[in-house]
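Heads up: the structure comes next, in structure tokens.
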Amino acid sequence: MKKTRPVLRYHGGKWKLAPWIIKHLPPHKVYVEPYGGAASVLLQKPRVYAEVYNDLGDEVVNVFQVMREPLQMEELKKQLTLTPFSEVEFFGAYEAAEDPIEKARRTIVRSFMGFGSASSNAKYTTGFRGKSFRSGTSPANDWRNYPNALDWFCERLQGVTIRNKPALDLIPTLDREDVLFYVDPPYVRSTRCKDSNGDVYAHEMDDAQHEDLAAALHDLKGKVVLSGYRCDLYEDLYGDWKSLDKDWFADGARERVETLWFNPAAANKDLHLLGMASDLAEAVN
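Under this note's numbering, the sequence shown has 300 at position 224, and the numbering climbs by one with no breaks.
Listed below in structure tokens is the structure:
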């Protein structure tokens with residue numbers, strides 16, 4: 077099945093950047109995303125022996141739980157097909173739902189009918205995309221095509237273990253030498269757009285929590301690839317790790333530089349084999 081679109085429009089999601097990230101992942105038997113979000117990397121990478129998706133946000137985890145179950149996915153697909161691209165539907169989707177299928181539908185509605193990439197977060201209210209006509213199509217036509225991707229989502233999620241725990245509780249329990257942790261936490265607040273209050277994730281992280289994460293990652297036997305923006309804090313925390321930069325456009329088409337950091341287990345034997353020689357425009361430290 078063709079990989080056509082992300083599950084959610086998600087702040088910090090990496091659907092278009094994922095092929096570059098995947099190209100630089102070291103060999104591994106077990107793959108873990110402790111901050112899974114929209115799982116844009118997991119969904120596009122080749123399967124391995126075991127894969128674990130984790131996120132602390134119960135709404136996004138619920139979307140993946142529903143999509144992994146074929147019968148629930150079929151009902152979700154039916155309900156989404158019957159859902160018009162409507163301002164009433166969009167604002168109604170901020171109301172809580174107990175039924176997991178309806179809860180997933182509302183999360184997806186917010187994600188694709190709202191302005192910006194943070195509208196999947198029920199705590200972050202945005203406007204309706206009724207007047208947006210970017211990317212050569214209208215949001216309404218984009219919405220009309222969304223249900224066609226559900227079969228692929230369901231198939232790719234088969235065999236993936238889905239967890240809903242704090243990342244620092246999960247990571248140590250899965251640590252082995254054959255495990256790769258792709259770590260994509262909420263980016264350091266000071267590195268984000270200056271006109272944003274930073275509260276775009278259901279579960280944010282302050283600098284102290286980034287320091288706790290770094291301490292946990294440095295203790296691992298497994299391989300770690302970390303995404304983020306360069307900043308003084310990360311220079312202090314990961315300055316001794318290998319890193320790789322790529323010019324990119326963040327949410328809202330703001331030009332930024334995405335960075336991958338590789339712990340010694342991920343970099344020592346593998347980094348030079350990951351296609352870097354062909355990436356002449358990328359900076360390697």
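Ideal Cβ positions, reconstructed from N, Cα and C, are used throughout, including at glycine.
Subject >> Contact set for PRO110: own chain, Cβ-Cβ below 7 Å, skip 5 residues either direction >> reply: Residue numbering aside, residue 110 sits at position 34 when the sequence shown is read from its first letter. So the qualifying residues of the chain are ASN130, ALA243, LEU246, ILE247, PHE257 and VAL259.
Original post:
Where do the ends of the alpha helix (DSSP H) carrying ILE97 lie?
Top reply: Counted from its first residue, the sequence shown places residue 97 at position 21. Start and end: 94 to 99.
Original post:
If we ignore side chains and look at the alpha-carbon of each, how far apart do TRP324 and ILE97 end up?
Top reply: By one-based count along the sequence shown, residue 324 stands at place 248. By one-based count along the sequence shown, residue 97 stands at place 21. A straight line joining the alpha-carbon of TRP324 with that of ILE97 spans about 12 Å.
Original post:
Which residue from PRO215, ALA291 and ARG306 puts its Cα closest to that of ARG186?
Top reply: As a position in the sequence shown, residue 186 is number 110, starting the count at 1. Here the closest residue by C-alpha is PRO215.
Original post:
Between ASP321 and LEU158, what straight-line distance do the alpha-carbon atoms span, to the nearest angstrom?
Top reply: Against the sequence shown, residue 321 aligns to sequence position 245. Against the sequence shown, residue 158 aligns to sequence position 82. Straight-line Cα distance between these residues: approximately 43 Å.
Original post:
Count the other CB atoms within 10 Å of the CB of TYR125; is the residue buried (16 or more) or exposed (fewer)?
Top reply: As a working note, residue 125 is residue 49 in the sequence shown. TYR125 comes out exposed.
Original post:
If you run the structure through DSSP and keep just helix, strand and coil, what is ALA126?
Top reply: For the purposes of this step, residue 126 is identified with residue 50 of the sequence shown, where counting begins at 1. Reduced to three states, the DSSP call for ALA126 is strand.
Subject >> Cut-off 7 Å between Cβ atoms - residues of its own chain near MET281, not counting five sequence neighbours on either side >> reply: Here the question's residue 281 lines up with position 205 in the sequence shown. So the qualifying residues of the chain are PRO261 and PRO262.
**OP:** Measure the Cβ-Cβ separation of GLY298 and ARG232 and say whether it is below 8 Å.
**Re:** In the sequence shown, the residue the question calls residue 298 occupies position 222. In the sequence shown, the residue the question calls residue 232 occupies position 156. No.
Original post:
According to DSSP, is PHE161 helix, strand or coil?
Top reply: Residue 161 sits at position 85 when you count from the first residue of the sequence shown. PHE161 falls in the coil class under three-state DSSP.
**OP:** Starting from SER303, trace the beta strand (DSSP E) both ways and give me its first and last residue.
**Re:** On the sequence shown, position 227 is the one that residue 303 refers to. Note, SER303: beta strand (DSSP E), 299 to 304.
**OP:** Indicate the three-state DSSP secondary structure (helix, strand or coil) for ASP131 in the structure shown.
**Re:** Along the sequence shown, read from residue 1 onward, the residue named residue 131 stands at position 55. In the displayed model, ASP131 falls within coil according to three-state DSSP, outside both helix and strand.
Subject >> Minimum C-alpha distance to ASP295 - residue among ARG85, ALA284 and THR249 >> reply: Here residue 295 refers to the residue found at position 219 of the sequence shown. It is THR249 whose Cα lies nearest to the Cα of ASP295.
Original post:
With distances taken between CB atoms, is the gap from LEU156 to PRO82 smaller than 8 Å?
Top reply: Start at 1 with the first residue of the sequence shown, and residue 156 comes out as number 80. Start at 1 with the first residue of the sequence shown, and residue 82 comes out as number 6. For LEU156 and PRO82, no; Cβs fall outside 8 Å.
**OP:** Measure the CB-CB distance between LEU309 and ASP288 and report whether it falls below 8 Å.
**Re:** Along the sequence shown, one-based indexing puts residue 309 at 233. Along the sequence shown, one-based indexing puts residue 288 at 212. Not a contact, by the Cβ cut-off of 8 Å.
Original post:
Hey, how far is the Cα of TYR305 from the Cα of TRP317?
Top reply: Along the sequence shown, one-based indexing puts residue 305 at 229. Along the sequence shown, one-based indexing puts residue 317 at 241. Whole-angstrom Cα-Cα distance: 14 Å.
Original post:
Mind checking PRO95: buried by the 16 CB within 10 Å criterion, or exposed?
Top reply: Position 19 of the sequence shown, counted from the first residue, corresponds to residue 95. By the neighbour-count rule (16 or more Cβ atoms within 10 Å), PRO95 is not buried but exposed.
**OP:** With GLU178 as the anchor, note down where its alpha helix (DSSP H) starts and where it stops.
**Re:** Taking the first residue of the sequence shown as 1, we reach residue 178 at position 102. Segment 176 to 189, the alpha helix (DSSP H) holding GLU178.
**OP:** Since I believe VAL136 is in contact with GLY168 (beta carbons under 8 Å), could you give me their beta-carbon distance rounded to a whole number of angstroms?
**Re:** To locate residue 168, count along the sequence shown from 1; it is residue 92. To locate residue 136, count along the sequence shown from 1; it is residue 60. Actually they do not touch by this definition, with Cβ atoms about 19 Å apart.
**OP:** Would you mind sorting VAL255 into buried or exposed? The rule is 16 or more other CB atoms within 10 Å of its CB.
**Re:** Taking the sequence shown and counting its residues from 1, one reaches residue 255 at position 179. Buried is the call here.
Subject >> Unbroken beta strand (DSSP E) run spanning ASP282, endpoints >> reply: Start at 1 with the first residue of the sequence shown, and residue 282 comes out as number 206. Careful: ASP282 lies outside any beta strand (DSSP E) and carries neither H nor E.
**OP:** Please report the residue range of the beta strand (DSSP E) in which PHE257 lies.
**Re:** Position 181 of the sequence shown holds residue 257. Boundaries of the beta strand (DSSP E) around PHE257: 255 to 259.
Subject >> CA nearest to the CA of GLN234, picked from LYS90, PHE188 and ARG144 >> reply: Position 158 of the sequence shown, counting from 1, holds the residue named residue 234. With distances taken between Cα atoms, GLN234 lies closest to ARG144.
**OP:** Identify the continuous beta strand (DSSP E) that holds ARG239 and give its terminal residues.
**Re:** Along the sequence shown, read from residue 1 onward, the residue named residue 239 stands at position 163. Its beta strand (DSSP E) spans residues 236 to 239.
Subject >> Euclidean distance between Cα positions of CYS307 and GLU334 >> reply: Stepping through the sequence shown from its first residue, residue 307 is reached at position 231. Stepping through the sequence shown from its first residue, residue 334 is reached at position 258. Going from the Cα of CYS307 to the Cα of GLU334 covers about 11 Å.
**OP:** With DSSP collapsed to three states, give me the class of THR335.
**Re:** Locating residue 335 in the sequence shown gives position 259, where the first residue counts as 1. Strand.
**OP:** Please name the residue in LYS90, LYS99, LYS121 and GLU127 whose C-alpha comes closest to that of VAL108.
**Re:** Stepping through the sequence shown from its first residue, residue 108 is reached at position 32. Closest by alpha carbon: GLU127.
Subject >> Cβ-Cβ distance between LEU336 and LEU302 below 8 Å >> reply: Position 260 of the sequence shown, counted from the first residue, corresponds to residue 336. Position 226 of the sequence shown, counted from the first residue, corresponds to residue 302. Their beta carbons are under 8 Å apart, which means LEU336 touches LEU302 by this criterion.
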